[in-house]
Amino acid sequence: MKKKNNLRKPFFEELQQGNVEGEIILFQPLWVRIFHWGFALSLTGILLSGLELHKPAKFFAVSYGDMFKIHVISSWFALGFVALRCADAILRRDQSLIPKLRDLKLFPKLLAYYLFLRTAPPPNRKYNGGQSLVYSSWLLLFLIASLLGLSSYWQGEHLIWVWRLVGGFQRLRWIKFMITIYFLATIPLHIYLSMTENLSHLQAMVSGYERKPPPKKS
Amino acid sequence: MLLEAWLENGVIKDAYISDTLYRGFEQILIGRSPMDMPYYTQRICGICSSAHAITASLAVEQALGMQVPPNGHLVRNLILASDVIQNHIRHLYLYALPDYFRGPDLAPFIPHSESDLRVSKQENDSLTEHYFQALEISRAAHAAFAVFGGKAPHGHGIVPGGASMEVDADKVNRYRGYMMEILSFVENTLLPDVDLIIKRYPDYVDLGEGVGNYMSVGGFLNPEGAALFPQGIILQDKRESFNQRYITEDVTRAWYKPHGPLHPSEEDTIPDHSQPKGYTWVKSPRYRGQPMEVGPLARAIINQEKVIGHGALARIWARSYEIKKLAEATLGWLNRLEPGAETLNRKIGSDSGSAVGLHEVMRGVLGHWLSVKKGRVQHYQIITPSAFNFGARDESGTRSVGESSLLGLKVQSEDLKEAGRIIRSFDPCFSCSVHLIDGERIQALRIE
Amino acid sequence: MIETGTCTGDSISFDNIWTPTFSDILSNILDWRYDWSMNQAQGSAAYQVLLDTYSKLPNEYILIVQGSMIHSDSGHYDHVAYEQGKLITGIDLVRRIGLKAKYVVAIGSCAAFGGPVAGYPNPTRSTGVQDVLPERRVINVSGCPAHPDWIMGTLLHLALYGEPELEKYGRPKMFYGETIHNRCPRRYYYDQGIFATDIGQKECLYRVGCKGPVTYADCPIRRWNDRLNWPIGCNTPCIGCTEPGYPDLMSPFTVHSPDIPLPGGTKIATDSVALGVLGFTSAAIIGHAAASLYKGRIQRNLLKSTVRGKHRFSLTKVKTFHTYRVKKNAKKE
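Protein chains in written order, with our numbering: chain L, 13 to 230; chain G, -10 to 437; chain H, 52 to 384.
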């Protein structure tokens, strides 16, 4: 630990000496970054293999047993990453993903910004209203899909109440497909906005640190 | 099905036949894919499933401009023929003949209906034995259906564009085997049994005559277009050619939102149980405004075949000889099948259109009228044979064939057995329209 | 056996039983009291048999119901009997007889889950038997129609050994324990990714809407009608007739996902909804990107988020994972 302090010290010293406009802060902690990229990768695996299982592509003749394995393994990995993120959030008392009333109130203004009716987005917490809504809905839908997936994986041996609640395998499959479509529709949005709105957030997802701009001189 | 008969001195003066079940299939079909129609409409009736399948397929093919390969035609004929044979055998032994003999002392036959039984003990025993044989044989007929149809009832083989099953020697062999078994049963057991009943009950040959109008829309075409059951109309003793545009349906006395007599491609089906004049769920289909009798007897008369009369047992006689005719025809079709040649052509000409599918089936004329718009069913109307035979009275109060056939019938039994015999001779399929008699009311009305 | 909103297909299917023969069943196995299609007595005499069984043998008889429970107009769309000047509805009769039955068996998908009669828009508001008899367990023998072996096997089990082990939707596990897909003879094609492009072909019918993967039944090993053939053997997809939600969730039968009914009676395919949503998102993103470029928002955002500070660090990677430090010799600009 001593060594680490030694290494970081001059770095932060220099940062705090007013060399940089604003200050450099830890924006995305390590576990968040691990979760983000790990989840992204396994979710891609789930979605692609799921789509292939749902409707086999004409040009792509593969063993469907393997496809199923990829689907299930990616799902377990993704579940693990979600568990990591949840544990991390609980330990750090991180509430950035939970949408608050204020986010909802500001959401129309945010929409107005995205529709070019405002020039600047409204003030936000770590994530803006749209982000927290989308991220929390992802978490929720992923957990629902996992529950449905597990109940179909166990073929009615366990989680029978889920089967009764849903009312049939076909409806279960349909719900999972719709969740997939939701993911497929919102993920490109996420990528697009993260690339065009604030690149420093994107690099923070790699490095963890971000330069916080100085308060505006007024 | 509910039969209400007004009796006066033991003679039926008036009769109302009412169907007591509404399921609303015509409403359910709207908005679905036309390719589903053969499967979905089969669920209307469990005993004549392939009839609806073939009629729906004909309508869909016509609407969407599909062509059926010759092999497909033959395979479909084979499927429907085996189902018709199955239906006829089941109807004769399970439903019709138990009215004429005592039956075994087993649970569903007890209590027996004892009145007016004229067969001897020995004959009764052999009929009982044949009853169980007939169950086996009708099972074999359904197995023949399954050879090309996948499963029975509610088979999968008939699809728009032809038949899904490929043809090879194995299937031909099996089908033929079942058909020979059926044919020998029909010749050695069924026809003698029917003749015996006719000998014992000669009065029923002409008892329960219809109205004298007969209709057939033709069916079982071979690839050249020649029909085993030709088309035709006998209206008030005059023979004329059939045109489906003269078919209308009226709902004045049925539990539907009223409309005048309309062609099935124009009418709607909106149930309304509060209609004061209604007494049944069956509409009143008419041809040129006249009730028509349909079924094996009508087919035989139009085809100018031999008939023994026009009453209850004449219908049963015509039905049993039709089994033989069909079974022999299937052997001919089997010989014409080409192994390996295509049975199915799924090419679609257009995604919209309207059409009518008409085919002679177990109980007579079955018609499906549909229109398709952009791959969705917009309109669907079905007229079943039992609706022709047992529909409601129309605007002018004209009775259906079934109701008319009961008029003037002398009833001696407690349980209206005579009426039951006549009604059953039509082979009423009361889930496509009605069920077998489950409750009935005898009201003696005194007319001063 | 009481028939309600049915097509009688299950009776017909039951008559197709291969072994044991029907006469054996009637004379030796079951005491088949009341059946519309089999009773010789008609009308009130036949109905009396049912009432006698009900009153003299309470909790000893098995009630078999075929057909859906029709709720429209408080059940008056379906009358099944006539008693003391009143027409008895299907629901009333099933409730009355069912509450005193030893077992209630619902045969066919209509009786089990509503079936084709309950198809959208369900004009008769039909449901399965379980919904009108919530107080007691109903053994479902679903299928459209139910296989005769399923019916007879269940009845025999009830007669000899009591209630069979049931699976999640109240169906006997011995018949409905495994999906069609898991035992399908064409599974090889599926595993290899070889698919039929239309019905009538020899390969796996998954791409043309086979519902085998979501349907619990033993058709592939049992097969139908003298064990000759079955729907997939007939080169047509399984339509999922044993499952709750059949037929709406299973139709179009040749398409993978069900149609979604919209208010107003029209229906829309799931795939078009999915494609619509995806198309809308891509169009929105592309449009937004173009507008942002035109308005200069992208340029401004990128500049703002990547603009340099006064001081540029020279960082050097330290061996420890993910730690950097400022180079000693870095000069201030």
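Just so it is clear, CB atoms sit at the ideal spot from N, CA and C, and this is done for glycine as well.
Identify the continuous alpha helix (DSSP H) that holds N191 of chain H and give its terminal residues.
The residue you call residue 191 of chain H lines up with position 140 of the third sequence. N191 of chain H: not part of any alpha helix (DSSP H); member of the beta strand (DSSP E) spanning V189 to V192, first to last residue.
Cβ of T332 of chain G less than 9 Å from any chain H Cβ?
Position 343 of the second sequence, counting from 1, holds the residue named residue 332 of chain G. By this cut-off, T332 of chain G is an interface position.
Assigned secondary structure, S109 of chain G (DSSP; H/G/I helix, E/B strand, else coil):
If you number the second sequence from 1, residue 109 of chain G lands on position 120. Residue state, collapsed to three classes: coil.
Counting Cβ pairs closer than 8 Å, one from the region 38 to 51 of chain L and one from the region 212 to 223 of chain L, do we hit at least three?
Contact between the region 38 to 51 of chain L and the region 212 to 223 of chain L is present: three or more C-beta pairs spanning the two stretches fall below 8 Å.
Straight-line gap, D8 of chain G to N378 of chain G (C-alpha atoms, nearest Å):
The sequence position of residue 8 of chain G within the second sequence is 19, counting from 1. The sequence position of residue 378 of chain G within the second sequence is 389, counting from 1. Approximately 12 Å, taken between the alpha carbons.
Is the separation between the beta-carbon of L109 of chain L and that of G141 of chain L shorter than 9 Å?
Working through the first sequence from its first residue, we reach residue 109 of chain L at position 97. Working through the first sequence from its first residue, we reach residue 141 of chain L at position 129. Pairing L109 of chain L with G141 of chain L gives a Cβ-Cβ distance that is not under 9 Å.
Beta-carbon neighbours of I349 of chain H, restricted to chain L and to distances below 8 Å:
Reading the third sequence from its first residue, position 298 is the one you call residue 349 of chain H. In chain order, T208 make up the part of chain L whose C-beta sits under 8 Å from the C-beta of I349 of chain H.
By DSSP, does P200 of chain L sit in helix, in strand, or in coil?
To locate residue 200 of chain L, count along the first sequence from 1; it is residue 188. Of the three classes helix, strand and coil, the one that applies to P200 of chain L here is helix, per DSSP.
Does the count of Cβ pairs from the region 51 to 69 of chain G and the region 220 to 227 of chain G closer than 8 Å reach three?
No, because fewer than three Cβ pairs between the region 51 to 69 of chain G and the region 220 to 227 of chain G fall closer than 8 Å, the two stretches do not touch.
Euclidean distance between Cα positions of R352 of chain G and S230 of chain G:
Position 363 of the second sequence holds residue 352 of chain G. Position 241 of the second sequence holds residue 230 of chain G. If you take the alpha carbons of R352 of chain G and S230 of chain G, they lie about 20 Å apart.
Straight-line Cα distance separating R274 of chain H from G166 of chain G
In the second sequence, counting from the first residue as 1, residue 166 of chain G sits at position 177. In the third sequence, counting from the first residue as 1, residue 274 of chain H sits at position 223. Cα-Cα distance, rounded: 19 Å.
Taking T9 of chain G as the query, report the chain H residues whose CB atoms sit under 8 Å from its CB, ordered along the chain.
Position 20 of the second sequence, counting from 1, holds the residue named residue 9 of chain G. Against chain H, a Cβ distance below 8 Å from T9 of chain G picks out D129, H130, V131 and L138.
Examine chain G for any beta-carbon lying closer than 9 Å to the beta-carbon of F226 of chain H, and answer yes or no.
Translated into the one-based positions of the third sequence, residue 226 of chain H becomes position 175. False, the Cβ-Cβ gap to chain G never drops below 9 Å.
Figure out for me which residue from H:A169, H:F246, H:Y112 and H:S106 has the closest Cα to the Cα of P298 of chain H.
Mapped onto the third sequence, residue 298 of chain H falls at position 247. In terms of Cα proximity to P298 of chain H, the closest of H:A169, H:F246, H:Y112 and H:S106 is H:A169.
Residue environment, G347 of chain H, which counts as buried when at least 16 other CB atoms sit within 10 Å:
To locate residue 347 of chain H, count along the third sequence from 1; it is residue 296. Label assigned to G347 of chain H: exposed.
Assuming T305 of chain H and M24 of chain G are in contact, meaning their beta carbons sit under 8 Å apart, how far apart are those beta carbons, in whole angstroms?
Here residue 305 of chain H corresponds to residue number 254 of the third sequence, with the count starting at 1. Here residue 24 of chain G corresponds to residue number 35 of the second sequence, with the count starting at 1. That pair is a contact at about 6 Å.
Which residue comes first and which comes last in the alpha helix (DSSP H) that contains A325 of chain H?
As a first step, residue 325 of chain H is located in the third sequence; it is residue number 274 there, counting from the start. T321 to K346 is the extent of the alpha helix (DSSP H) around A325 of chain H.
Can you confirm whether V155 of chain H, when its beta carbon is compared against all beta carbons of chain G, has any partner nearer than 9 Å?
The residue labelled residue 155 of chain H in the question sits at position 104 within the third sequence. With a threshold of 9 Å between beta carbons, V155 of chain H makes no contact with chain G.
Straight-line CA distance for I36 of chain G to H77 of chain G?
In the second sequence, the residue the question calls residue 36 of chain G occupies position 47. In the second sequence, the residue the question calls residue 77 of chain G occupies position 88. Rounded to whole angstroms, I36 of chain G to H77 of chain G spans 10 Å at the Cα level.
When you check each C-beta in the region 71 to 94 of chain L against every C-beta of chain H, which residues fall closer than 7 Å?
Answer in chain order: A73, V74, S75, Y76 and G77.
Go through the region 132 to 164 of chain H residue by residue and report every complete run of the beta strand (DSSP E) that reaches 3 residues or more, in order.
137 to 140 and 154 to 158, all fully within the region 132 to 164 of chain H.
Sub-9 Å separation of A96 of chain H and P100 of chain G beta-carbons:
In the third sequence, the residue the question calls residue 96 of chain H occupies position 45. In the second sequence, the residue the question calls residue 100 of chain G occupies position 111. Contact annotation: A96 of chain H and P100 of chain G have beta-carbon atoms nearer than 9 Å.
Can you find a CB in chain G that lies within less than 9 Å of the CB of I245 of chain H?
Within the third sequence, numbered from 1, the residue matching residue 245 of chain H stands at position 194. Chain G, which has no Cβ nearer than 9 Å to the Cβ of I245 of chain H, makes this no.
Does the region 180 to 192 of chain H come close enough to the region 136 to 154 of chain H that 3 or more CB-CB pairs lie under 8 Å?
Because the criterion of three Cβ pairs below 8 Å is met, the region 136 to 154 of chain H and the region 180 to 192 of chain H touch.
Going by the CB atoms, is the gap between V0 of chain G and L398 of chain G shorter than 9 Å?
The residue you call residue 398 of chain G lines up with position 409 of the second sequence. The residue you call residue 0 of chain G lines up with position 11 of the second sequence. In this structure, V0 of chain G lies closer than 9 Å to L398 of chain G by Cβ.
If you follow the beta strand (DSSP E) that P223 of chain H is part of, which residue opens it and which one closes it?
Residue numbering aside, residue 223 of chain H sits at position 172 when the third sequence is read from its first letter. For P223 of chain H, no beta strand (DSSP E) segment is defined, and its DSSP state is neither H nor E.
For R176 of chain H, which residues in the same chain have their Cβ closer than 6 Å to its Cβ, ignoring the five residues on either side in sequence?
Mapped onto the third sequence, residue 176 of chain H falls at position 125. Answer for R176 of chain H: H122 and S123, listed in chain order.
The region 360 to 368 of chain G / the region 79 to 91 of chain G touching (three or more Cβ pairs under 8 Å):
Verdict: no, contact absent.
With DSSP as the reference, please indicate the residues paired to E442 of chain G in a beta bridge.
No answer is possible for residue 442 of chain G: the residues shown for chain G start at -10 and end at 437.
Out of G:P212, G:F218 and G:M204, which has the shortest C-alpha to C-alpha gap to R228 of chain G?
Position 239 of the second sequence, counted from the start, is the residue given in the question as residue 228 of chain G. Looking at the Cα atoms, G:M204 is the closest of the given residues.
Beta-carbon of T59 of chain H versus every beta-carbon of chain G: anything under 9 Å?
As a working mapping, residue 59 of chain H is identified with position 8 in the third sequence. True, the Cβ-Cβ gap to chain G drops below 9 Å.
Contained alpha helix (DSSP H) runs [length at least 4] in the region 155 to 228 of chain G, N- to C-terminal order:
Along the region 155 to 228 of chain G, the alpha helix (DSSP H) occurs as fully enclosed runs of 4 or more residues at 158 to 174 and 180 to 189, listed in sequence order.
Distance between A301 of chain G and S389 of chain G (C-alpha atoms, nearest Å):
Position 400 of the second sequence, counting from 1, holds the residue named residue 389 of chain G. Position 312 of the second sequence, counting from 1, holds the residue named residue 301 of chain G. Taking the CA atoms as reference points, S389 of chain G sits about 16 Å from A301 of chain G.
Would you kindly work out how many angstroms separate the C-alpha atoms of I63 of chain H and L53 of chain L, rounded to a whole number?
Within the third sequence, the letter at position 12 stands for residue 63 of chain H. Within the first sequence, the letter at position 41 stands for residue 53 of chain L. Rounded to the nearest angstrom, the gap between the Cα atoms of I63 of chain H and L53 of chain L is 55 Å.
Quick one, which of G:E(-3), G:I6 and G:N(-2) has its alpha-carbon nearest L(-9) of chain G's?
Here residue -9 of chain G refers to the residue found at position 2 of the second sequence. With distances taken between CA atoms, L(-9) of chain G lies nearest to G:I6 out of G:E(-3), G:I6 and G:N(-2).
Determine, using beta-carbon pairs with one atom in the region 264 to 281 of chain H and one in the region 221 to 229 of chain H, whether at least three such pairs fall under 8 Å.
Contact between the region 264 to 281 of chain H and the region 221 to 229 of chain H is present, because at least three Cβ pairs lie under 8 Å.
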